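Counting in this note's numbering, the sequence shown runs from 1 upward without gaps.
Worksheet: one structure, shown below.
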Amino acid sequence: MLICGEDLGLLAPVVPEVMRQFNIMGLRVQRYLTCLIIKLLHLLMYNIILLLFIIIIIIIIYYYYYLLLLLLLLLLLLLLLLLLLLLLLLLLLLLLLLECLLIQHNITIIRVHMKKYIIISISITIQIFIIIYYYLFILYIY
Numbered sequence: 001m002l003i004c005g006e007d008l009g010l011l012a013p014v015v016p017e018v019m020r021q022f023n024i025m026g027l028r029v030q031r032y033l034t035c036l037i038i039k040l041l042h043l044l045m046y047n048i049i050l051l052l053f054i055i056i057i058i059i060i061i062y063y064y065y066y067l068l069l070l071l072l073l074l075l076l077l078l079l080l081l082l083l084l085l086l087l088l089l090l091l092l093l094l095l096l097l098l099e100c101l102l103i104q105h106n107i108t109i110i111r112v113h114m115k116k117y118i119i120i121s122i123s124i125t126i127q128i129f130i131i132i133y134y135y136l137f138i139l140y141i142y
């Protein structure tokens, strides 16, 4: 079982003190990224369950209330976009974890890349969101 806040102070007693501190910091960043990935996987699982529940409700309500159906479809679209954002964040955090494993010597580089990856994933999701609403608006007009 992975414990996110575990202290790694007893590692590498043979290594000199500087390398010991350096390795502890790298392992803490790896553990932090791994915990973030696990939390994102949990969010994805809950989001998928909620999406399936809404799809079942849409199928049940389809023949009765069209306005409620439209609202549920919009909610479904928002949840799909949230799912897309979570998948992008998960992918980018996995890439960041790989980068953390490859570049353990500079933690500030990893922090900068983490911010960059999150900004990129949010911007991609917003662009997809705008495109989907644009096409929905065109379909609504016609």
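Using N, Cα and C, we set each Cβ at its ideal position, and we do this for glycine too.
Since the model is a prediction, treat every value here as computed from it, not as a measurement.
Would you check if the distance between the CB atom of residue i and the CB atom of residue j is smaller than 8 Å?
{"i": "T34", "j": "L88", "result": "no"}
{"i": "L51", "j": "L93", "result": "no"}
{"i": "L79", "j": "I59", "result": "no"}
{"i": "L72", "j": "I56", "result": "no"}
{"i": "I132", "j": "L70", "result": "no"}
{"i": "I48", "j": "L74", "result": "no"}
{"i": "L41", "j": "L90", "result": "yes"}
Please work out which residues of its chain come closer than 8 Å, Cβ to Cβ, to residue i, disregarding the five sequence neighbours upstream and downstream, and give them in chain order.
{"i": "F129", "result": "L81"}
{"i": "L136", "result": "L77"}
{"i": "Y64", "result": "none"}
{"i": "I145", "result": "Here the chain comprises residues numbered 1 to 142, so residue 145 is not present and cannot be evaluated."}
For residue i, which residues from the same chain have a beta carbon less than 7 Å from its beta carbon, with the 5 sequence-adjacent residues on both sides left out?
{"i": "L43", "result": "L86"}
{"i": "L68", "result": "I61"}
{"i": "I119", "result": "none"}
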